[in-house]
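If you use mature numbering (1 follows the signal peptide of the UniProt record, and there is no 0), the sequence shown corresponds to residues -21 to -1, 1 to 393, in order. Cβ coordinates follow ideal geometry from the N, Cα and C atoms, glycine included.
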Amino acid sequence: MRSDFRRAVLAACLAATFAHADDVPPTKVAVPAIPVIADATCWNAQPHDVVAALRQCARKGVQAVTLPVRRGPDGAPYAASSYARTACQPGTDCVPLADALALKPAPALLLQTSPALLDEVQAAVLRADAAGRVQVQPMLERPIGDAAPDTIAPGLSYWHVARTAPRPMMLHVLEIDLSTPGLSFVVTPGAPANGGEFVAEKTSSFARREHLAAAINATYFLPFDGGHLLDKPYVPAAGQAVTVDGVSIAQGHQDSGYANADPRSNGSLCLHGQRVAITLRACPAGTTDAVGAGPVLLLDGKTQPLEAKRREYYLDTEPRTAIGIDKAHRRMWWVVVDGRQAGYSEGITLPELTALLRELGADSAMNLDGGGSSTMVLRRDGKPAVVNSPIHTGIPGRERPVGNHLGLRLDAAP
């Protein structure tokens, strides 16, 4: 990424970047607001024509123009006029971002975009060699307050809860009825490349590719470098080779073994059809799918001891992803708690997460990879959508490419 573009993005958000959930947050710094000179009158003659309006602004000598960016029907970023509908349809008031960036002469641009589109916008700006005259402002898009349980598909109920004590926390819960006809679990299949077991992929991309009703991030992975917007990119980028630190079995094929270098990763979720189990041991024969992670939080109703050497990891308030199963193995819960977002959701400790899972009804439970990796995706209106607020590279709502995932498929998924 070019340094001037990094500065442009940094000017719009905090450059606080974290790795896994055991990272120590850096000192918060104040970031000045982006200086914008935008004369709305240059849009008056062509309010529904982005290209014509930008040319008009350039002729009037306007120094900078604020331009919303939305996802088009083809998934690409589109530049939109303020009159364009939320759903961007190709037309004069909603044009491919590449077309808007190609205009010369043109005013400087402040692109206001959803964090979900940030990577695509960044790539478009760099391809257009426009980093010197473009700034990017990620816009907050995250749920607020409480939401009552919503049946998003047969056997799947989702809700989120905003708690204020002992600190602000946004909790996302998916409850799964394991007896639901047509329900099956999906684990990311291995993709060996360049010495790795998988290629890094966003959870939403995995859910879209596999036509899933729901998905979450799963196992710890390497290589990992949280990166900094000013200094270096995040590693791994989407498509780069990674190795997960724990077992990973997909459709009966073991893509990663049980041996791992991370003492946190002491458990496995073992799956066979609709039968599920969390174990401290290797999965039993006949297991068709599995993900490893940890630490195991609950087993047979008993709270599991936490490793004394990693006290800061267990007691720090961080974004977390976890799974729980009831004693009868009839219900399962996926939980994501957002974090590192002051005043909104500041994370949860592992003892607090254990208590939350027990409160839901879990008899066994396991922590998964967390921090900026924590992501929950649900299919809504026929499309996968991130429902929590991930915190990849310190940007609320920005999703991280991760090593592997756990998904749910329904024969009649909406």
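Supposed contact pair residue j and residue i - C-beta distance, whole angstroms, cut 8 Å
{"i": "Gly322", "j": "Thr296", "result": "Contact doesn't hold; Cβ gap of about 13 Å is too wide."}
{"i": "Ser235", "j": "Val365", "result": "Actually they are not in contact, since the Cβ atoms of Ser235 and Val365 sit about 25 Å apart, beyond 8 Å."}
{"i": "Gly386", "j": "Ala256", "result": "No, Gly386 and Ala256 are not in contact; Cβ-Cβ is about 18 Å, not under 8 Å."}
{"i": "Asn367", "j": "Ala197", "result": "Asn367 to Ala197, Cβ: 15 Å. No contact."}
{"i": "Arg310", "j": "Asp156", "result": "6 Å"}
{"i": "Val214", "j": "Phe200", "result": "The Cβ separation is near 11 Å, so there is no contact."}
{"i": "residue 424", "j": "Asp305", "result": "Since the first and last residues shown for the chain are -21 and 393, residue 424 lies out of range."}
Rounded separation between residue i and residue j - CA only
{"i": "Trp138", "j": "Ser247", "result": "26 Å"}
{"i": "Tyr293", "j": "Leu285", "result": "8 Å"}
{"i": "Ala79", "j": "Val30", "result": "6 Å"}
{"i": "Pro263", "j": "Leu135", "result": "27 Å"}
{"i": "Ala127", "j": "Lys39", "result": "51 Å"}
{"i": "Val74", "j": "Tyr57", "result": "5 Å"}
{"i": "Thr6", "j": "Pro375", "result": "In this prediction, Thr6 scores a pLDDT of 35, lower than 50, which makes its location untrustworthy; the coordinate-derived value is nonetheless stated afterwards. So the two alpha carbons sit approximately 17 Å from each other."}
{"i": "Asn346", "j": "Gln91", "result": "35 Å"}
{"i": "Ala170", "j": "Val178", "result": "6 Å"}
{"i": "Arg50", "j": "His371", "result": "20 Å"}
{"i": "Ala32", "j": "Tyr237", "result": "59 Å"}
{"i": "Ala107", "j": "Leu96", "result": "17 Å"}
{"i": "Val140", "j": "Gly124", "result": "7 Å"}
{"i": "Ala344", "j": "Pro242", "result": "17 Å"}
{"i": "Gly349", "j": "Val270", "result": "14 Å"}
{"i": "Met149", "j": "Ser324", "result": "5 Å"}
{"i": "Gly225", "j": "Pro380", "result": "18 Å"}
{"i": "Pro330", "j": "Arg289", "result": "13 Å"}
{"i": "Thr159", "j": "Gln253", "result": "9 Å"}
{"i": "Val115", "j": "Glu99", "result": "12 Å"}
{"i": "Ser93", "j": "Arg121", "result": "10 Å"}
{"i": "Ser244", "j": "Val104", "result": "40 Å"}
{"i": "Gly373", "j": "Asp279", "result": "37 Å"}
{"i": "Asp18", "j": "Ala110", "result": "Below a pLDDT of 50, predicted positions are generally treated as unreliable, and Asp18, at 45, falls in that range; the measurement from the model is reported next regardless. When rounded, the distance between both Cα atoms is 21 Å."}
{"i": "Glu378", "j": "Glu154", "result": "23 Å"}
{"i": "Arg112", "j": "Thr282", "result": "55 Å"}
Residue burial classification, residue i (beta-carbon count within 10 angstroms, cutoff 16)
{"i": "Ala172", "result": "exposed"}
{"i": "Pro298", "result": "buried"}
{"i": "Pro212", "result": "exposed"}
{"i": "Ala240", "result": "exposed"}
{"i": "Arg260", "result": "exposed"}
{"i": "Lys181", "result": "buried"}
{"i": "His151", "result": "buried"}
{"i": "Glu176", "result": "buried"}
{"i": "Thr130", "result": "exposed"}
{"i": "Gln68", "result": "exposed"}
Close beta carbons around residue i, own chain, < 6 Å, minus the five adjacent residues each side
{"i": "Asp2", "result": "Any reading at Asp2 needs caution, since the residue's pLDDT is 40, under 50, leaving its predicted position unreliable; the model's value is listed next. Closer than 6 Å at Cβ, skipping near neighbours: no residue."}
{"i": "Gln219", "result": "Ala179"}
Cβ neighbours of residue i in the same chain (closer than 8 Å, five flanking residues each side left out)
{"i": "Ala229", "result": "Val165, Val166, Thr167, Pro168, Gly169 and Asp268"}
{"i": "Leu336", "result": "Leu276, Leu277, Ala301, Gly303, Trp312, Val314 and Ala344"}
Note to self: Which runs of the beta strand (DSSP E) at least 3 residues long sit entirely within the segment 155 to 185? Give them in chain order.
What the structure shows: 162 to 166
Item checked: Contained beta strand (DSSP E) runs [length at least 3] in the segment 358 to 383, N- to C-terminal order -> 362 to 365
Next item on the list: May I have a chain-ordered list of the alpha helix (DSSP H) segments no shorter than 4 residues that lie completely inside the segment 261 to 301?
Entry: 290 to 294
Note to self: Quick check on the DSSP output: what are the complete alpha helix (DSSP H) runs of length 4 or more inside the segment 25 to 62, in order along the chain?
What the structure shows: 29 to 38
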